[in-house]
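>
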Amino acid sequence: MPSKPPRVGLFVTCLVDFLRPAVGFAAVKLLEDAGCEVAVPANQTCCGQPAYNSGDSADARAIARSVIEAFAGFDYVVAPSGSCAGTIKVHYPALFANDPDLAAVIDLAGRTWELTSFLVDVLGVAGVGAEYRGVAAYHDSCSGLRELGIEKQPRALLSSVGGLEVRATNGAQSCCGFGGTFCVKYPEISADIVDRKVSHIMDGGADTLLGGDLGCLLNLAGRLKRRGSAVKVRHVAEVLAGLTGQAPPLGDPE
Amino acid sequence: MTDSRAATLGAIRAALGRGPLPDQETAALEARLANPAAGVVPGRGRVDAEARIALFIAEAERVSATTARVAGPEAVPAVVARFLREHNLPSTVKLAPDPQVRSIPWSQQSALTVTEGHGEKDDVVGVTGAFCGVAETGTLVLLSGPESPSTLDFLPDTHIALVPAARIFGTYEEAWERVRAERGADGLPRAVHWITGPSRTADIEQTLLLGAHGPRRLHVVIVDARAP
Amino acid sequence: MDSTAHTFKSNALEALGDTRLQDALGRLGHGFPVKRKAAVERMPEFEALRDAARDIKDHVLGHLDFYLERFEARVHERGGHVHWCADAAAARETIVGICRAAGARTVTKAKSMIGEEIAINEHLAAAGIEPVETDLGEYIIQLRREPPSHLIAPAIHLAKGDVAEAFRNEHKQFPGDRPLDEPRNLLDEARSVLRERFLAADVGLTGANMLIAETGSIVLVTNEGNADLTHTLPRVHVVVASIEKVVPTLEDATAVLRVLARSATGQEMSVYNTFVTGPRRPDDPDGPDEFHVVLLDNGRSAMLGSEFHDMLRCIRCGACLNHCPVYRSVGGHAYGWVYSGPMGKVLVPNLIGIENAGDLPNASTLCGRCEEVCPMRIPLPRMLRDWRERQFDRGLGPAPARYALKAWAFLARRPALYRRVTALQAAMLGALGRRRGAFRHMPLAGGWTAARDLPAPQGRTFQQMWSDRGGPRS
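As they're listed, the protein sequences go chains A, B and C.
Per our numbering, residue 22 is the first one in the first sequence, and the count goes up by one each step.
Per our numbering, residue 2 is the first one in the second sequence, and the count goes up by one each step.
Per our numbering, residue -2 is the first one in the third sequence, and the count goes up by one each step.
1) For my contact list, A:V254 and A:L245 are in at a C-beta cut-off of 8 Å; report their separation, rounded to the angstrom.
2) Going by the DSSP bridge assignment, what does C:H168 pair with across the sheet?
3) Can you give me the C-alpha to C-alpha distance between A:Y260 and A:N191, rounded to a whole angstrom?
4) If you measure between the beta carbons of B:A176 and B:V142, is that distance less than 8 Å?
5) Along chain C, which residues have their Cβ under 7 Å away from the Cβ of B:A16?
6) Helix, strand or coil for C:W334, going by three-state DSSP, please let me know.
7) Answer yes or no: does any C-beta atom of chain A fall closer than 8 Å to that of C:G392?
8) So, does the CB of B:E175 fall closer than 8 Å to a CB anywhere in chain C?
9) What does a CB cutoff of less than 6 Å around C:P283 pick up in its chain, not counting 5 residues either side in sequence?
10) For A:Y97 and A:V149, I'd like the C-alpha separation in whole angstroms.
11) Given that a residue counts as buried once 16 or more other Cβ atoms are within 10 Å of its Cβ, and exposed if not, what is A:S24?
12) Which word fits C:M425, buried or exposed, when buried means at least 16 other C-beta atoms lie within 10 angstroms of its C-beta?
13) List the residues that DSSP assigns as beta-bridge partners of C:A187.
14) Starting from the C-beta of A:P175, find all residues in its chain whose C-beta is less than 7 Å away, skip the five residues before and the five after it, and write them out in chain order.
15) Should A:A125 be flagged as near chain C, meaning a C-beta pair shorter than 8 Å?
16) With a cut-off of 8 Å, do at least 3 Cβ pairs link the segment 380 to 388 of chain C to the segment 396 to 407 of chain C?
17) Check this for me: beta carbons of C:N353 and C:A2, under 8 Å apart or not?
18) According to the Cβ coordinates, are C:I312 and C:G204 closer than 8 Å?
19) What are the uninterrupted segments assigned as alpha helix (DSSP H) that are 4 or more residues long and contained completely in the segment 39 to 105 of chain A, given in chain order?
20) Compute the distance between the beta-carbons of A:C67 and C:T362, then report whether it is under 8 Å.
21) With a Cβ-Cβ cutoff of 8 Å, do C:P372 and C:L357 count as a contact?
22) C:W81 bridges to which residues according to DSSP?
23) Would DSSP call B:S65 helix, strand or coil?
24) Looking at chain B, is there any beta carbon in it that lies within less than 8 Å of the beta carbon of C:Y269?
25) When you compare only the Cα positions, how much space is there between C:R141 and A:P269?
26) Looking at the secondary structure, which residues open and close the beta strand (DSSP E) in which C:S239 lies?
27) What three-state label does DSSP hand C:H438 in the structure shown?
28) Rounding to the nearest angstrom, what Cα-Cα distance links B:P229 and B:S104 in this structure?
29) Taking buried to mean at least 16 other C-beta atoms within 10 Å of its own C-beta, is B:A182 buried or exposed?
30) Go ahead and pull the three-state DSSP assignment for C:F272.
31) Would you say A:L239 lies against chain C (beta-carbon separation less than 8 Å)?
32) Please confirm if C:P469 has its CB atom under 8 Å from at least one CB of chain B.
33) Give me the chain C residues within the contact set of B:E87, using Cβ-Cβ distance strictly less than 8 Å, ordered along the chain.
34) Based on the DSSP secondary-structure assignment, which residues constitute the bridge partners of C:E287?
35) Answer with buried or exposed for C:F171, where buried requires no fewer than 16 other C-beta atoms within 10 angstroms of its C-beta.
36) Closer than 8 Å, CB to CB, is A:C105 near chain C or not?
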């Protein structure tokens, strides 16, 4: 750890901001517990991925520029999402390949991390002090897994949570069918994909489903609840921070 | 025809943003062709002679070939006769006119009826001589030609292939090296067959079945040199 | 074949409702991917082999003119013929012309995707020449008058009962009550029928997995052995191959073969890899008298140097199909044309125009599994995005989706306004849905709520709560 605490700008993500602030507060707690100074720039909205993935590069670049501006001066930018962090870290540089702002984009990309990977790979956090009674399945979100190589980090942190067993599940690394705008444009295909995924989870015997991306988790929780499953769905940060009291599991009543 | 040739080549060059390659670059490509380099060669096949043979047998059997290893050519007829008996196959075999196959004392085995020639419609068992074996995947290399008709590798329901133990190489690259060394740089026959196990298909419900269009059985007889 | 790529959405809906197809796709999901994984785990050098194979194809693409000319020269030296064809029509005309000149009545065929691309069967039939597919899967779908639904397993969408029905309808020479319940019965019957066709054919038509510049050879890869009977038995062998199939040397072809079968079926090596060089030699006992290679461009040269250049590395192994969640849901026919799955989504718009295949690049979650398993490391998700960008720039695609995206982007670029709007919406939805925890129906989100609950927001945005708490902003 450096002598001066690292200054972290939290990239809240649009889904956490709108749907589940508890994940944001959990992220803040984890970062502060690990010795960071955390601030949340007001002028952030979204990483621009919906525009980028829809082929609207001009808007994606405009949104990216505002992210660069909002997060100037932070040592690190941390997002509780592999998808948003992947957009900034991997796709912004591609989007600005022929743009005069490329250097600023690469600088931002270099400072940006997904939450669990930041805790483990950058800060060297070996464990957290939380407790959670249950058996959990873990969903590896596609962007986190394949763009950023996030697989072991959340599991390493979860292994330090008292009372929790993380059980390997079939299809843990297969797509849940969310795909951002995909689930809107092709809802039936998306529903078929998530149904397969949910069957694996229900067959696996876990009572909790954890993951690092709210998009996937909304999709999975939505299908689990529709199928009448009692599996509780939470973002991994909520369990790691021991803040499961802030909000009921996704899609469950208060 | 000439026009479409020029059109295609022109379109390629235009898309690559250049005209015909300059001489210097052509020379480099010529050199690459003239000295074919092995790329990444798996370590699996790069082992000593006995380990190579063991690997060849293990890999061939993994893909449902059967194998036998015999001490010399004189032991081959009995092994072939036994194989046919064990599989309830007729004892009439069609032999390739191959020196390796001809060196076998077939007449010692009175149970076998042998004829020689290329493969035909009604042949049930064919015996051919392989150019070499490749241990890395239990693959046989057969070169078509007057001594080794392709039809005999494919038409009979049972294919028995002979390969000298000393000609089981570790890797495909070694096999190419031998082809070039023994047949000359331009010496490829009409067909070089790499054969890895008997014919198969999984086109119906992914059910694996042997003997799709080629042989249902592949029996490889590895022949050690006759004891001095 | 006529494309139905423009009706992808309705094709997909039909596929989702087809229970026999879904059973078949379930089998696929448990087959190839599991076997590929095992093969990869047995080969410690696999990642290095992928790099090597990619580098070979990249080298070739940069010097494609040189290698094609060299290939042609070698084929000529061996007494073969090379026919350059700019498009599908030219290739069809050439092939039909060769068959006519040979006085051909039947042509045996080994499965060729280029053959599908140029719809050669229909044109041979129209010229009075009977094409006979010999790959078992391809034969089955030919009897059913269907296109293939998978690159390497063309009848993957069928159950054995479908095959039995096709055989009973078409093989009238056998007793009607013969047992056809097991795949073995079906295979044995097909083998006996096709054996006669092999022996009687005048021309054998194959594709090529690769062309080798060093030797003028073409490479054929099968498990059944049908390609070998196709090129060995008839008097004339015609090869139809697209121009990007060339590789420099035998060693380069070998490098590609090391990743092909492992990626495709999870085999270490396909059963038959054959390097065919020219027609029969003077003292050969078998083999064809004539050897023709039809070299087809059909849009490939236009892809060189474009953002779709890397697609030309594709070796048609089918790994991207086998691992694709969307392919697993809808199967190959839904894609509407010859090529399906992730590779089809990139390639087909190049070949038939994005305006005729608009859904293909969009119907992807961009999960990245295809690129992860592609032996040639083709950046398929990146190219799907590139198509989307072209579509967006050209104003293609449904207008409501474009307006919604524009409205959202307008907000996302104005943080203060964004905060106010999201706070209002979160409050409203939170109040409505918090008690139950989720919505079962939601106006404008009917696609989502048809199959899923929509988890309710907490009610206040993170930004509001952070401000309330007086959390640091910089």
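Built from N, CA and C at the ideal position, the CB exists for glycine as well.
A quick look at the data gives this:
1) Taking the first residue of the first sequence as position 1, residue 254 of chain A is located at position 233. Taking the first residue of the first sequence as position 1, residue 245 of chain A is located at position 224. So it is a contact: roughly 6 Å between Cβ atoms.
2) The count along the third sequence starts at 1 and reaches residue 168 of chain C at position 171. None; C:H168 has no bridge partner.
3) Here residue 260 of chain A refers to the residue found at position 239 of the first sequence. Here residue 191 of chain A refers to the residue found at position 170 of the first sequence. With the sequence shown as reference, residue 260 of chain A is identified as Val, and Tyr is not the correct amino acid for it. Distance between the alpha carbons of A:V260 and A:N191: 22 Å.
4) As a position in the second sequence, residue 176 of chain B is number 175, starting the count at 1. As a position in the second sequence, residue 142 of chain B is number 141, starting the count at 1. Yes, the pair counts as a contact, with Cβ atoms nearer than the cut-off.
5) Translated into the one-based positions of the second sequence, residue 16 of chain B becomes position 15. Neighbours of B:A16 on chain C, chain order: S298, A299, L301 and G302.
6) Here residue 334 of chain C is taken as the residue at index 337 of the third sequence, counted from 1. Residue state, collapsed to three classes: coil.
7) Stepping through the third sequence from its first residue, residue 392 of chain C is reached at position 395. False, the Cβ-Cβ gap to chain A never drops below 8 Å.
8) Residue numbering aside, residue 175 of chain B sits at position 174 when the second sequence is read from its first letter. So, not an interface residue.
9) As a working mapping, residue 283 of chain C is identified with position 286 in the third sequence. In the sequence on display, residue 283 of chain C carries Asp and not Pro. So the qualifying residues of the chain are T229.
10) Looking up residue 97 of chain A in the first sequence gives position 76. Looking up residue 149 of chain A in the first sequence gives position 128. About 21 Å.
11) For the purposes of this step, residue 24 of chain A is taken as residue 3 along the first sequence, with counting starting at 1. Label assigned to A:S24: exposed.
12) The residue you call residue 425 of chain C lines up with position 428 of the third sequence. Classification of C:M425: exposed, given that the 10 Å Cβ count is below 16.
13) Within the third sequence, residue 187 of chain C is the residue found at index 190, counting from 1. Looking at the DSSP assignment, C:A187 forms no beta bridge with any residue, so it has no partner.
14) Counting from one through the first sequence, the residue named residue 175 of chain A turns up at place 154. If we look at A:P175 and ignore the five residues flanking it on each side, its Cβ neighbours are T137, Y159, G233 and V257.
15) As a first step, residue 125 of chain A is located in the first sequence; it is residue number 104 there, counting from the start. No, no contact with chain C.
16) no
17) To locate residue 353 of chain C, count along the third sequence from 1; it is residue 356. To locate residue 2 of chain C, count along the third sequence from 1; it is residue 5. Yes. Within cutoff.
18) Here the question's residue 312 of chain C lines up with position 315 in the third sequence. Here the question's residue 204 of chain C lines up with position 207 in the third sequence. In this structure, C:G204 does not lie closer than 8 Å to C:I312 by Cβ.
19) 42 to 54, 70 to 74 and 78 to 91
20) Taking the first sequence and counting its residues from 1, one reaches residue 67 of chain A at position 46. Taking the third sequence and counting its residues from 1, one reaches residue 362 of chain C at position 365. Contact flag unset, no.
21) One-based indexing of the third sequence puts residue 372 of chain C at position 375. One-based indexing of the third sequence puts residue 357 of chain C at position 360. Not closer than 8 Å, so no.
22) Locating residue 81 of chain C in the third sequence gives position 84, where the first residue counts as 1. According to DSSP, which records beta bridges pairwise, C:W81 is partnered with C:L292.
23) Here residue 65 of chain B is taken as the residue at index 64 of the second sequence, counted from 1. Coil.
24) Here residue 269 of chain C is taken as the residue at index 272 of the third sequence, counted from 1. Yes - at least one Cβ of chain B is within 8 Å of the one on C:Y269.
25) For the purposes of this step, residue 141 of chain C is identified with residue 144 of the third sequence, where counting begins at 1. For the purposes of this step, residue 269 of chain A is identified with residue 248 of the first sequence, where counting begins at 1. The alpha-carbon atoms of C:R141 and A:P269 are separated by roughly 54 Å.
26) Looking up residue 239 of chain C in the third sequence gives position 242. Here the beta strand (DSSP E) through C:S239 covers V233 to S239.
27) Translated into the one-based positions of the third sequence, residue 438 of chain C becomes position 441. C:H438 falls in the coil class under three-state DSSP.
28) Within the second sequence, residue 229 of chain B is the residue found at index 228, counting from 1. Within the second sequence, residue 104 of chain B is the residue found at index 103, counting from 1. Residue placement at B:P229 cannot be trusted, given a pLDDT of 41 that sits under 50; what the coordinates show is reported in the next sentence. Roughly 16 Å separates the two Cα atoms.
29) Against the second sequence, residue 182 of chain B aligns to sequence position 181. Exposed, because fewer than 16 other Cβ atoms sit within 10 Å of the Cβ of B:A182.
30) In the third sequence, residue 272 of chain C corresponds to position 275, counting from 1. Of the three classes helix, strand and coil, the one that applies to C:F272 here is strand, per DSSP.
31) Sequence index remark: in the first sequence, residue 239 of chain A carries index 218 (1-based). Yes, its Cβ sits closer than 8 Å to a Cβ of chain C.
32) Numbered from its first residue, the third sequence carries residue 469 of chain C at position 472. Not closer than 8 Å to any Cβ of chain B, the Cβ of C:P469 fails to qualify, so no.
33) Residue 87 of chain B sits at position 86 when you count from the first residue of the second sequence. By Cβ distance, chain C contributes nothing, its closest Cβ being about 21 Å from B:E87, past 8 Å.
34) Your numbering for residue 287 of chain C matches position 290 in the third sequence. Per DSSP, C:V233.
35) Taking the first residue of the third sequence as position 1, residue 171 of chain C is located at position 174. With fewer than 16 Cβ atoms within 10 Å of its Cβ, C:F171 is classed as exposed.
36) Residue numbering aside, residue 105 of chain A sits at position 84 when the first sequence is read from its first letter. False, the Cβ-Cβ gap to chain C never drops below 8 Å.
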